[in-house]
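In what follows, a structure is listed as structure tokens, so that the remarks can point back to it.
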Amino acid sequence: DQLDNVIRVKDPRVYADLSLSGTVISPKGLILSKDTLYAYTENQLLRVVLNQVDAPVRIDENEVVVSGSYFEDQDSLVFLMKSGRVVEYKDNRFSFMDTDDGKWKGGVDISAYSNKIYILSPQENQIWRYVRRRDKYGAAEAYAVNGNFREVVDFAIDGSLYALKKSGEIFKFYAGEAEDFVINKEPITALSSPTKVFTDLDLSQIYILEPSKKRVLVFNKDIKTGNAMYNSQYIFDFDIRDMVVEKMSGKMYLL
225 DQLDNVIRVK DPRVYADLSL SGTVISPKGL ILSKDTLYAY TENQLLRVVL
275 NQVDAPVRID ENEVVVSGSY FEDQDSLVFL MKSGRVVEYK DNRFSFMDTD
325 DGKWKGGVDI SAYSNKIYIL SPQENQIWRY VRRRDKYGAA EAYAVNGNFR
375 EVVDFAIDGS LYALKKSGEI FKFYAGEAED FVINKEPITA LSSPTKVFTD
425 LDLSQIYILE PSKKRVLVFN KDIKTGNAMY NSQYIFDFDI RDMVVEKMSG
475 KMYLL
């Protein structure tokens, strides 16, 4: 533990109890907007305000949510559905969005950055990029020319794009081109089955969730070299499904 700078968290603070929302739910993930924390299930959205959970609202009667993200440019939430369609949540309304070519690329994860959304599609070995127009999106654009995304399980963007493989490897891209990326002083207990990578332009760390070991690993970004250095890891005594970090306070929220 000392060599790996392990922090064993025995008594984390309960921020919100989703089971008190008045319905039986099975939450899939968390989304943190600029001032609100949300949890979502396959077809419901729950808002947490001042530690209290609002009654869930249904996203759609027939669609199933795969992944969700906060779209800061639009101050909205975006959801990727199992059917491949994309839903936006803004001003308390859910709207199915269109594209210039009338179709979406299916995938397993969605993330928003600047005025674009990105969809990870391992089956097509690509991350697809869509530019937000006034009331719809442009056609799909391939993000990387020579990337290998078949075993990528999640990605995060801070200007550069970090693609996390199920083996624990991390690949870094900038403007669609692969970059050399090295993690210095890797932990003794190496990553083997991570599920999520999280960072942001205003965060100086990269966070990786590994539910099988009930831990979150923290890596410091090296601005000079573009690489990263292992910092520490938090180990919990409960199962973790998702994780987000608040960039202003540095607080970590776990589902």
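Counting in our numbering, the sequence shown runs from 225 upward without gaps. Glycine included, C-beta positions come from ideal geometry on N, C-alpha and C.
| Item | Value |
| --- | --- |
| What number of angstroms, rounded off, separates the C-alpha of phenylalanine 405 from the C-alpha of tyrosine 398? | 11 Å |
| For asparagine 408, which beta-bridge partners are listed by DSSP? | Met453 |
| Could you spell out the range, first to last residue, of the beta strand (DSSP E) harbouring alanine 465? | A small correction: the amino acid at residue 465 is arginine; alanine does not occupy that position in the sequence shown. Counting along the chain, arginine 465 falls outside any beta strand (DSSP E), and DSSP gives it neither H nor E. |
| For leucine 415, which of helix, strand or coil comes out of DSSP? | coil |
| Can you tell which of Lys340, Ala364, Val289 has the C-alpha that lies nearest to the C-alpha of leucine 304? | Val289 |
| How far does the beta strand (DSSP E) with phenylalanine 373 in it extend, from its first residue to its last? | Here phenylalanine 373 belongs to no beta strand (DSSP E), and DSSP marks it neither H nor E. |
| Is the segment 359-372 close to the segment 413-429, with three or more CB pairs under 8 Å? | no |
| I'd like to know if the segment 452-466 and the segment 225-238 are in contact, where contact means that at least 3 CB-CB pairs between them fall below 8 Å. | yes |
| Suppose you measure from the CA of tryptophan 328 to the CA of aspartate 426; what does that come to, to the nearest Å? | 30 Å |
| Using the C-alpha atoms, what's the distance from valine 311 back to alanine 363? | 16 Å |
| Taking C-beta to C-beta, are threonine 423 and aspartate 378 nearer than 8 Å? | no |
| Got a sec, what are the start and stop residues for the beta strand (DSSP E) glutamate 296 sits in? | From DSSP, glutamate 296 is part of no beta strand (DSSP E); its letter is neither H nor E. |
| CB-CB under 6 Å to asparagine 408, same chain, minus the five flanking residues each way: which ones, in chain order? | Met453 |
| Excluding the five sequence neighbours on either side, which residues of its own chain have a C-beta within less than 7 Å of the C-beta of arginine 282, listed in chain order? | Asn267, Gln268 |
| Among the candidates Asn275, Gln226, Tyr264, Ile249, whose CA atom is the shortest distance from the CA of arginine 237? | Asn275 |
| Using CA atoms only, rank isn't needed, just tell me which of Lys438, Arg357, Ser345 is closest to serine 338. | Arg357 |
| How would you label tyrosine 239, buried or exposed, when you count the other beta carbons within 10 angstroms and need 16 or more for buried? | exposed |
| From what residue to what residue does the beta strand (DSSP E) around leucine 254 run? | 253-256 |
| Could you compute how far the alpha carbon of glutamine 298 sits from the alpha carbon of tyrosine 354? | 14 Å |
| Compare the C-alpha of tyrosine 386 against each of Leu244, Arg465, Asp225, Asn451 and name the closest. | Asn451 |
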